[in-house]
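The sequence shown maps to residues 1248 to 1717 in my numbering. Idealized CB from N, CA, C, for every residue including glycine. All values reported here derive from a predicted model rather than from experimental measurement.
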Amino acid sequence: MKKFFITTPIYYINDIPHIGHTCTTVAADIAARTHKALGEEVFFLTGTDEHGQKVAESAAKENLKPIDYCDKISPRFEEAWKNLNIGFDFFIRTTNPNHEKVVADLLQKIYDNGDAYKDKYEGWYCIGCEKFLTETEMIDGHCPLHPPEKTVKKSEENWFFRLSKYVPKLIELIENDETNYIFPEGKRSEILAKLKAGVRDISLSRENVEWGICVPWDTKQTVYVWFDALINYYSATQFVEGRKDFWPASVHLIGKEILWFHTVIWQAMLLSAGFTVDQLPKKVYIHSFYMIDGQKMSKSLGNVISPGQLVELFGVDGARYLIARSFPTENDSDVGIERFKERYNADLANNLGNLVSRVAKLGEGKNYGYTVNEPNDHFIDLVDSFNFNEAIDYIFKSYIDSSNELLNLDKPWTLDKDDPKRDECISTCRANLQRAAYYLSSVIPDASEKIKKCFEGEIKTLEKPLFPRI
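So, in structure tokens, the structure goes:
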């Protein structure tokens, strides 16, 4: 059986789930469900990143031990995804002892292969990103993603990873269409330009950060949080029962702010640890950000949208649909609650939901048989390239809009109940709705199941609207 292994980033635990986390996780779930429907064996991995300086600071503010703080926050992510009907197969936490063992083993291989050495680091460090910055990455002397006070001067002795050693190989892989793993194309070009501009070796350990995994050959130092976090994708396949055959990952789905770690550092780490080219992740898909009513999402602006808010306003399937429709692929996507309401009412309440109600009422009690559905390559290609808006458009135009047009043209409610034209119109609309439900089941699974039950044999009317108008 063909295997499909998809991952989200593991979300940093000093925050609570918001729409940025949500869009990545819903997108991964849609892809996972689509591949399950194709009869493939799927492993969908998500989780939380729980080590590092920021976690220790957040725990201290609440007078908690770091592990107690992690135990408090991590379930919020797991609960948020379950409330959105996210069908992940495993939720990994980097405080899991099994993960920690794999991290130590993989880093030991890097050390044994001569790719770790001790040196002194002096430079700028963003506490918000837990990342050392180059001058070109800073704007006005600080990290552009976080307040100025989060960018501090650091000087410490660390273990370094020979990242520069693997740059020629990475350029070779990315430039070759057969082995390139970076999508979409714009991100591939961005990484190639950065690699060719020159790459320095990077720290793989921290000297004064106690909340982390000990470096296996130097227990006075802890593993740099990013090295620890990236290894989760591999470690889960090693200790979750029956998952070893899923490596390498089919897709790492990530946001653009962590592009460099996932497309350069991660591959270099694996090559250093002895992985062959065909054991590297097959695809890294990088999506853009959400803007909220034209502004960056920010706690200080009070414009952060949580997954709980979306579910409360639009229901589970409504929230999933709106995320899919607005998924920020190559460009940032500008959204907001009012825009979501307009889209929900137009697409789900007025269009799809109303069509289901009309056809069910017109055909109530009649049996028009069952429509056999087959996978559609065009739809699958759009999902695999994370063009969800285009994929949904394709289904709406093919089956939903065409049915509404047919109803308005034939006006079956004006025809006698025994008129063949009436039966033909209702039968066509019913079959179209079955097809739409089949394809949209990865996006709106509960509503699709209701449509299927409504039209699979004798047509039944729904007890209440599929998508109540807001």
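Would residue i and residue j be called neighbours here (beta carbons separated by less than 7 angstroms)?
| i | j | result |
| --- | --- | --- |
| Y1223 | D1296 | What is shown of the chain runs 1248 to 1717, which leaves residue 1223 out entirely. |
| S1452 | N1423 | no |
| A1483 | L1292 | yes |
| H1346 | S1553 | no |
| G1610 | I1698 | no |
| Y1358 | F1407 | no |
| N1636 | R1586 | no |
| A1596 | K1356 | no |
| V1558 | N1330 | yes |
| D1540 | G1502 | no |
| Y1568 | I1691 | yes |
| G1555 | P1712 | no |
| D1594 | M1538 | no |
| G1222 | F1379 | Beyond the ends of the chain as shown, which are 1248 and 1717, falls residue 1222; an answer cannot be given. |
| R1280 | S1645 | no |
On a Cα-Cα basis, can you pick out the residue from the options that is closest to residue i?
| i | options | result |
| --- | --- | --- |
| E1287 | P1322, L1311, F1251 | F1251 |
| N1620 | K1367, F1626, R1682, P1659 | R1682 |
| E1577 | L1506, R1567, A1515 | L1506 |
| Y1372 | D1366, C1390, Y1364 | C1390 |
| T1255 | G1433, H1509, D1359 | H1509 |
| D1628 | D1670, D1387, L1709, Y1686 | Y1686 |
| A1476 | V1349, R1669, D1631 | V1349 |
| Q1542 | R1567, D1579, Y1368 | D1579 |
| D1624 | L1420, G1612, V1273, L1285 | L1285 |
| A1566 | V1273, P1667, M1248 | V1273 |
| I1257 | W1328, S1305, L1569 | W1328 |
| S1402 | W1494, E1454, P1431, F1486 | E1454 |
| D1693 | E1652, D1648, V1563 | V1563 |
| E1710 | M1248, S1604, Q1468 | S1604 |
| V1472 | V1399, M1544, K1301, N1310 | K1301 |
| G1489 | D1648, F1643, D1336 | D1336 |
| C1461 | F1338, T1342, Y1646 | T1342 |
Go through its chain and collect everything with a Cβ distance to residue i's Cβ below 6 angstroms, but skip five positions before and after it.
| i | result |
| --- | --- |
| T1283 | The sequence shown places Lys at residue 1283, not Thr. Correct list, in chain order: V1289. |
| G1704 | N1614 |
| A1496 | F1252, T1254, Y1480, P1528 |
| H1229 | This structure leaves residue 1229 out entirely; the chain is present only between 1248 and 1717. |
| K1367 | E1404 |
| R1716 | N1592, A1596 |
| V1551 | H1265, M1544 |
| A1420 | A quick correction: the sequence has Leu, not Ala, at residue 1420. So the list reads T1426, once near-sequence residues are dropped. |
Along the chain, where does the beta strand (DSSP E) that runs through residue i open and close?
| i | result |
| --- | --- |
| S1580 | 1580-1582 |
| A1363 | 1363-1373 |
| D1296 | 1288-1296 |
| P1256 | 1250-1259 |
| M1544 | Run containing M1544: none; DSSP gives neither H nor E here. |
| Q1468 | 1465-1470 |
| V1302 | Element bounds for V1302: not the beta strand (DSSP E) but the alpha helix (DSSP H), 1300-1308. |
Less than 8 angstroms between C-beta atoms, sequence neighbours within five positions excluded: which residues of the same chain meet that for residue i?
| i | result |
| --- | --- |
| S1650 | L1602, V1606, T1675, C1676, N1679, L1680 |
| V1446 | L1410, S1411, V1414, V1511 |
| Q1526 | W1494, P1495, L1517 |
In the DSSP assignment, find the alpha helix (DSSP H) that holds residue i and state where it starts and stops.
| i | result |
| --- | --- |
| Y1480 | 1479-1486 |
| P1415 | 1414-1422 |
| G1433 | 1432-1443 |
| T1271 | 1266-1284 |
| I1698 | 1692-1702 |
| F1714 | First-last for F1714: undefined, no H or E at that position. |
| W1328 | 1313-1330 |
| R1729 | Only positions 1248 to 1717 of the chain appear in this structure, which leaves residue 1729 out of reach. |
| L1353 | 1344-1359 |
Near residue i, which residues of its chain fall below 7 angstroms by C-beta distance, leaving aside the five closest residues on each side in sequence?
| i | result |
| --- | --- |
| A1515 | L1410, Y1413, L1417 |
| E1671 | none |
| N1261 | K1301, V1302, S1305 |
| S1399 | First, the amino acid is wrong: residue 1399 is Val here, not Ser. Excluding residues within five positions, the ones whose Cβ falls inside 7 angstroms are Y1372, I1374. |
| F1338 | T1293, G1294, E1325 |
Which full runs of the beta strand (DSSP E) of 3+ residues lie inside the segment 1586-1666, going along the chain? none
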